[in-house]
DNA sequence: GCCTGCGTTGAGGTCAGACCACAAGTATAC
DNA sequence: GTATACTTGTGGTCTGACCTCAACGCAGGC
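Protein chains in written order, with our numbering: chain Y, 6 to 249; chain E, 6 to 249.
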């Protein structure tokens with residue numbers, strides 16, 4: 006009698022789907038931005054139910070590897086690497102992340118990234134950075150536009166660092182921080198000074214002065230934190246937090 | 006008659022579930038390790054189908070916030086904070102992460118974490134760290150046991166850093182690195198020397214010498230990387246790593 | 001007494017197929 | 001010629017039946 010189960014590939018269907026798609030990505034069949042087959046068809050191909058297929062896709066979508074668009078199709082993520090949008094928020098709820106901790110993480114990561122960018126940056130990065138700085142000066146009258154170029158500038162530095170993992174991490178933190186901020190009032194920071202600082206950072210990176218780039222980035226972010234009212238770190242002696 | 010469409014807040018069911026559970030966590034109804042109601046029952050409570058509920062749970066499970074155990078139940082994650090286990094692996098497939106990049110990220114993060122731990126560590130952390138160091142010296146004959154205490158030691162430092170976000174990130178990287186390594190041969194590193202280094206790190210942290218802790222941690226990790234054969238990065242001919 | 005088997009129970013996992021909702025393109029009415 | 005309505009393709013949700021797994025407990029054998 007044929008045993009009802011046996012067969013080796015008995016792993017959960019979810020992982021079966023994930024691994025399949027993963028291998029398609031690894032062997033180049035699927036590129037970022039590509040569309041995968043419609044669910045019904047793909048399910049038939051993989052010889053599993055549509056429900057199971059969807060579970061697997063949902064899994065990958067949660068981690069930001071796939072992007073599903075209702076009524077249109079399912080695609081491999083493109084854009085900059087990043088963990089699932091909501092991941093930090095959810096984990097924050099679970100482990101009690103504080104905003105100052107996000108800032109701290111960001112400062113540490115981004116100043117190191119700036120240093121790496123100074124060591125490894127290429128001409129294409131310099132060009133792109135210079136452009137964004139220029140845009141910032143030009144957008145001095147429009148906070149919204151300014152912010153866009155601010156974000157782009159930092160993203161380019163991440164790319165220039167040559168380490169996509171670190172880039173993914175700060176991308177995740179930054180976006181969490183960002184949509185935490187947009188819930189509050191539109192802070193009106195001193196854009197001229199901010200643009201000025203970005204320019205200095207750019208110059209340090211371009212001059213391959215990694216230590217200086219690190220320092221400037223740190224200053225810049227500390228200032229940004231302060232001007233956003235997200236003051237104070239931990240301040241030991243004063244805090245009575247009984248920990249545990 | 007079947008309820009026509011627009012009933013009310015038509016947000017995707019998935020997010021409906023996620024937000025519900027999230028609020029249960031935030032208001033303290035659900036604690037790490039707690040079990041949520043059985044799917045059939047919970048679905049009835051939320052007035053959605055079991056399928057949709059499962060989608061939402063799957064989403065949270067993918068990000069490491071929930072843990073599902075077939076035949077047993079679904080639980081809120083406990084243990085140290087960490088992004089979804091597979092997240093790095095999948096993103097790596099998509100964005101071409103290299104092993105040296107993981108090491109680099111780890112070194113940067115963990116040396117900064119060691120510095121923070123030196124500034125903020127508490128007695129309970131010192132005690133736990135000392136214990137693990139002792140265990141390492143005691144497990145000199147058993148590589149497997151040694152590794153366990155090695156991991157625990159590093160995890161305690163993460164906690165002592167007082168920044169759960171950074172802790173979550175290195176936890177994720179470390180575990181990815183770990184199960185990448187266990188696929189290769191069991192490297193027999195010099196455990197005595199390794200234990201020795203851990204002890205020095207511990208001392209620096211305990212003495213609140215943050216700069217020294219940072220430096221020692223960096224050395225330790227560089228050595229670990231080397232001894233694992235995961236040699237150096239983008240070694241072009243222009244390797245003037247004069248910086249630092 | 002203690003161990004072994006096997007059935008029961010409760011939980012998650014999978015399936016099939018019908019139907020809903022959304023986005024885009026296409027045809028039709030004015 | 002433009003605006004509205006229809007059609008099509010694709011993801012989203014619902015039902016309800018059935019499968020698999022883990023834990024527990026009772027019974028039989030040593």
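For each residue, glycine too, the CB sits at the ideal point set by N, CA and C. Model, not experiment: these values are computed from the prediction.
Quick one, which of the options has its alpha-carbon nearest residue i's?
i, options, result
"residue 61 of chain Y", "Y:18, Y:78, Y:121 and Y:147", "Y:18"
"residue 37 of chain E", "E:181, E:20 and E:29", "E:29"
"residue 74 of chain E", "E:137, E:85 and E:43", "E:43"
"residue 225 of chain Y", "Y:89, Y:194 and Y:83", "Y:194"
"residue 81 of chain E", "E:63, E:39 and E:53", "E:39"
"residue 115 of chain E", "E:230, E:229, E:223 and E:152", "E:223"
"residue 51 of chain Y", "Y:32, Y:208 and Y:23", "Y:23"
"residue 104 of chain E", "E:128, E:45, E:183 and E:141", "E:183"
"residue 180 of chain Y", "Y:89, Y:33 and Y:126", "Y:89"
"residue 207 of chain Y", "Y:56, Y:128 and Y:230", "Y:128"
"residue 31 of chain Y", "Y:216, Y:70 and Y:172", "Y:70"
"residue 198 of chain E", "E:216, E:220, E:228 and E:162", "E:228"
"residue 106 of chain Y", "E:46, E:172 and E:54", "E:172"
"residue 4 of chain Y", "Y:72, Y:126 and Y:203", "Residue 4 of chain Y cannot be examined here, being either before or after the span of chain Y that is shown, 6 to 249."
"residue 16 of chain Y", "Y:79, Y:230, Y:53 and Y:46", "Y:53"
"residue 203 of chain E", "E:46, E:139 and E:164", "E:139"
"residue 20 of chain E", "Y:147, Y:91, Y:162 and Y:220", "Y:91"
"residue 46 of chain Y", "Y:72, Y:33 and Y:79", "Y:79"
Is residue j closer than 8 Å to residue i when the C-beta atoms are compared?
i, j, result
"residue 95 of chain E", "residue 196 of chain Y", "no"
"residue 176 of chain E", "residue 87 of chain E", "yes"
"residue 160 of chain Y", "residue 233 of chain Y", "no"
"residue 218 of chain E", "residue 210 of chain E", "yes"
"residue 251 of chain E", "residue 93 of chain E", "Past the edges of chain E, shown from 6 to 249, lies residue 251 of chain E, and the structure says nothing about it."
"residue 26 of chain Y", "residue 65 of chain Y", "yes"
"residue 48 of chain Y", "residue 58 of chain Y", "yes"
"residue 123 of chain Y", "residue 213 of chain Y", "yes"
"residue 158 of chain E", "residue 137 of chain E", "yes"
"residue 63 of chain E", "residue 84 of chain Y", "no"
"residue 149 of chain E", "residue 56 of chain Y", "no"
Provide the residue span of the beta strand (DSSP E) that contains residue i, from first to last.
i, result
"residue 80 of chain E", "78 to 81"
"residue 220 of chain Y", "Per DSSP, residue 220 of chain Y belongs to no beta strand (DSSP E); it is in the alpha helix (DSSP H), 215 to 232."
"residue 70 of chain Y", "Careful: residue 70 of chain Y lies outside any beta strand (DSSP E) and carries neither H nor E."
Can you name the start and end residues of the alpha helix (DSSP H) that residue i belongs to?
i, result
"residue 267 of chain E", "This structure cannot settle anything about residue 267 of chain E, because the visible part of chain E is limited to 6 through 249."
"residue 24 of chain Y", "18 to 31"
"residue 130 of chain E", "128 to 143"
"residue 148 of chain E", "148 to 165"
"residue 93 of chain E", "92 to 100"
"residue 184 of chain Y", "169 to 186"
"residue 51 of chain E", "44 to 51"
"residue 1 of chain Y", "With chain Y covering 6 to 249 only, the question about residue 1 of chain Y has no answer from this structure."
Rounded C-beta distance between residue i and residue j? I'm assuming under 8 Å.
i, j, result
"residue 174 of chain E", "residue 174 of chain Y", "6 Å"
"residue 155 of chain Y", "residue 141 of chain Y", "7 Å"
- prompt: Hey, is the stretch 99 to 111 of chain Y in contact with the stretch 127 to 134 of chain Y, meaning 3+ C-beta pairs nearer than 8 Å?
  reply: no
message: Check whether the stretch 164 to 180 of chain E and the stretch 109 to 127 of chain Y are in contact - that is, three or more C-beta pairs closer than 8 Å.
response: yes
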